[in-house]
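Number of protein chains: 2
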Amino acid sequence: MAPVKSDALRRVVLDAALAISANAGPDALSLREVAREAGVSHQAPYHHFGDRAGIFAAISEEGYAELGDALLHSRTHGATSMCEAYVHFALQHKGHFRVMFRNDLCNVGNYPDALVQADRAFSILLDEVTTLLGKDASLNEAKAQATYMWSVAHGLATLLIDGPLEKKLGGIEDVNALVKQVAQLTSTTIHA
Amino acid sequence: MAPVKSDALRRVVLDAALAISANAGPDALSLREVAREAGVSHQAPYHHFGDRAGIFAAISEEGYAELGDALLHSRTHGATSMCEAYVHFALQHKGHFRVMFRNDLCNVGNYPDALVQADRAFSILLDEVTTLLGKDASLNEAKAQATYMWSVAHGLATLLIDGPLEKKLGGIEDVNALVKQVAQLTSTTIHA
DNA sequence: TTTTAGTACTAGACACTGTCAAGTATGAAT
DNA sequence: ATTCATACTTGACAGTGTCTAGTACTAAAA
Numbered sequence: 001m002a003p004v005k006s007d008a009l010r011r012v013v014l015d016a017a018l019a020i021s022a023n024a025g026p027d028a029l030s031l032r033e034v035a036r037e038a039g040v041s042h043q044a045p046y047h048h049f050g051d052r053a054g055i056f057a058a059i060s061e062e063g064y065a066e067l068g069d070a071l072l073h074s075r076t077h078g079a080t081s082m083c084e085a086y087v088h089f090a091l092q093h094k095g096h097f098r099v100m101f102r103n104d105l106c107n108v109g110n111y112p113d114a115l116v117q118a119d120r121a122f123s124i125l126l127d128e129v130t131t132l133l134g135k136d137a138s139l140n141e142a143k144a145q146a147t148y149m150w151s152v153a154h155g156l157a158t159l160l161i162d163g164p165l166e167k168k169l170g171g172i173e174d175v176n177a178l179v180k181q182v183a184q185l186t187s188t189t190i191h192a
Numbered sequence: 193m194a195p196v197k198s199d200a201l202r203r204v205v206l207d208a209a210l211a212i213s214a215n216a217g218p219d220a221l222s223l224r225e226v227a228r229e230a231g232v233s234h235q236a237p238y239h240h241f242g243d244r245a246g247i248f249a250a251i252s253e254e255g256y257a258e259l260g261d262a263l264l265h266s267r268t269h270g271a272t273s274m275c276e277a278y279v280h281f282a283l284q285h286k287g288h289f290r291v292m293f294r295n296d297l298c299n300v301g302n303y304p305d306a307l308v309q310a311d312r313a314f315s316i317l318l319d320e321v322t323t324l325l326g327k328d329a330s331l332n333e334a335k336a337q338a339t340y341m342w343s344v345a346h347g348l349a350t351l352l353i354d355g356p357l358e359k360k361l362g363g364i365e366d367v368n369a370l371v372k373q374v375a376q377l378t379s380t381t382i383h384a
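Residue numbers (my numbering), protein chains in the order written: chain L, 1 to 192; chain W, 193 to 384.
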């Protein structure tokens, strides 16, 4: 591959990292291999991200930003839609999703830019849940409901991506339909 | 540390791996460091497990066996209890749980002994859900409900262990209480 | 009793990794 | 013309998983 000019390399490294993360998982990422594929020295990527964790921080930042957007767009369509949006984001951005919640790869709290996006995404989710519950709900109840909703979406996404769901359930003929069903079960509870 | 005799080394390596996994995550595990701590050569652990993935397979096998036991004991107390059991297992066996669902570390399907335990654990969960639903439920509905229940438990466990739940919710004063609340919300839906 | 076979290791080497340190070319600002 | 930051390159280091080969010890088979 021909050498890459300027900070376009940043994008190349990021895309390569995302592809590897989506296929083999983020732990399979090697800075040196990426550099080789990009036709640059093994230290060139290092220059753009500081270290390995820096790459994962950049991926997390991008991921949280896009997750936030996805949740924001689904917001007006209710809890079912929001849960679906969360899972669909995860499935369509495996590379990001696999990194975002792995704080051994990079502690998002140490990267202000990434933290802003993470906070935004979660605010959107929590705001919506609070709105749905109405103001007669106690703080404790709101927390539990928010945790509950987040858990369903996150658990389903995780199990679909890395988990044994497919094998154990004997093949999922239509993933989207299953996601919709689960999301509807969730919103049933939240309206009760 | 004094050298370890015989296949007691197997247990030493496993315990060391579990401790590291519970603290810094499974990716921080170094066979060589474990060997050094055990006072043996860097190839001694290798002999017991074949390779790095072999260690994670052994951890998965043990983890699924214990998860199965936990689910089995909680079975008679209904869906709420089962969901709680799942989450509590995860919290009390971080070292195992972090490994069990990481099929980039080891593909459980390739390790028959581990697979048996995994299948058993999931059978217990699915059987219980099917029983709760009764026989007037369609297969599709049963699958969705099982997936749903599994997702809540798994998502909550994942978020509590590695996720930003604690930060985002402004500190969880009583984790057990939160788990119970969420589990109850889940069983509300499953009984409907 | 000697031989064989298997277990539980040790010792050395290899390719590969992330990272540190120091140097180089280029382009803009002073 | 000089300074200075950016975007790299090259070289080295310690650490890693894994392959290969060898060594004690133990217990059964000849």
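Cβ coordinates follow ideal geometry from the N, Cα and C atoms, glycine included.
In the structure shown, W/ASN368 adopts helical secondary structure according to DSSP, grouped into three states. Take W/THR322, set aside five residues on each side of it, and the residues of its chain with a beta-carbon closer than 6 Å to its own are ALA334, in chain order. Taking a beta-carbon distance threshold of 9 Å, W/PRO237 does not count as an interface residue toward chain L. By the Cβ neighbour-count rule, W/SER315 is exposed, with fewer than 16 other Cβ atoms within 10 Å of its own.
Between W/TYR278 and W/ALA345, the C-beta spacing is below 9 Å.
Against chain W, the CB of L/GLU141 has a partner CB under 9 Å away; the residue lies at that interface.
The Cβ atoms of L/VAL182 and W/TYR340 lie closer than 9 Å to each other. W/ALA336 and W/ALA200 have their C-alpha atoms spaced approximately 44 Å apart. The C-beta separation of L/THR186 from L/CYS83 comes to about 5 Å, placing the pair in contact by the 8 Å criterion.
Residues of the region 102-123 of chain L with a C-beta atom less than 9 Å from some C-beta of chain W are ARG102, ASN103, ASP104, LEU105, VAL108, GLY109, ALA118, ASP119, PHE122 and SER123, listed in chain order. Residue contact check for L/THR158 against chain W: a CB pair falls below 9 Å. Distance between W/GLY326 and W/GLU365, taken at the CA atoms: about 37 Å. In terms of beta-carbon proximity, W/HIS346 lines the interface with chain L, with at least one pair separated by less than 9 Å. Short of 8 Å from the beta carbon of L/VAL175, and not among the five residues preceding or following it, lie these beta carbons of its own chain, in chain order: LEU91 and LEU160.
For the alpha helix (DSSP H) assignment, the uninterrupted runs of no fewer than 4 residues enclosed by the region 221-256 of chain W are, from N- to C-terminal side, 223-230 and 236-241.
The count of Cβ pairs closer than 8 Å, one atom from the region 62-80 of chain L and one from the region 89-103 of chain L, reaches three, so the stretches are in contact. L/LYS135 sits in coil when the DSSP states are folded into three classes, being neither helix nor strand. Just measuring C-alpha positions, the residue of L/ALA137, L/MET100 and L/ASN110 sitting nearest L/GLU62 is L/MET100. Closer than 9 Å to the CB of L/VAL182 there is at least one CB belonging to chain W.
Where L/TYR86 is concerned, the enclosing alpha helix (DSSP H) starts and stops at 78-92. Using a CB distance cut-off of 9 Å, W/LEU325 does not count as an interface residue toward chain L. Contact note: L/ALA144 reaches chain W through LEU370, GLN373, VAL374 and LEU377, using a C-beta cutoff of 8 Å and chain order. Residue contact with chain L for W/THR380: present (Cβ-Cβ distance below 9 Å to some residue of chain L). Against W/ALA209, chain L offers no close residue; the least beta-carbon distance is about 15 Å (beta-carbon pairs closer than 7 Å).
For L/LEU18, the enclosing alpha helix (DSSP H) stretches over residues 8-23. Our two residues, W/GLU229 and W/LEU206, have alpha carbons roughly 13 Å apart in a direct line. Between the region 292-305 of chain W and the region 234-254 of chain W there are three or more inter-stretch CB-CB distances shorter than 8 Å, so the stretches are counted as touching. Closest by C-alpha distance to W/TYR303, out of W/VAL204, W/ALA227, W/ASP243 and W/TRP342, is W/ASP243. Going by C-alpha positions, L/GLY109 is about 20 Å away from L/HIS48. Below the 7 Å Cβ cutoff, chain L contributes ASP27 and ASP104 as neighbours of W/ASP219, in chain order.
The criterion of a C-beta distance shorter than 9 Å is not satisfied by L/GLY155 and W/GLY287. Residue contact check for W/LEU264 against chain L: no CB pair falls below 9 Å.
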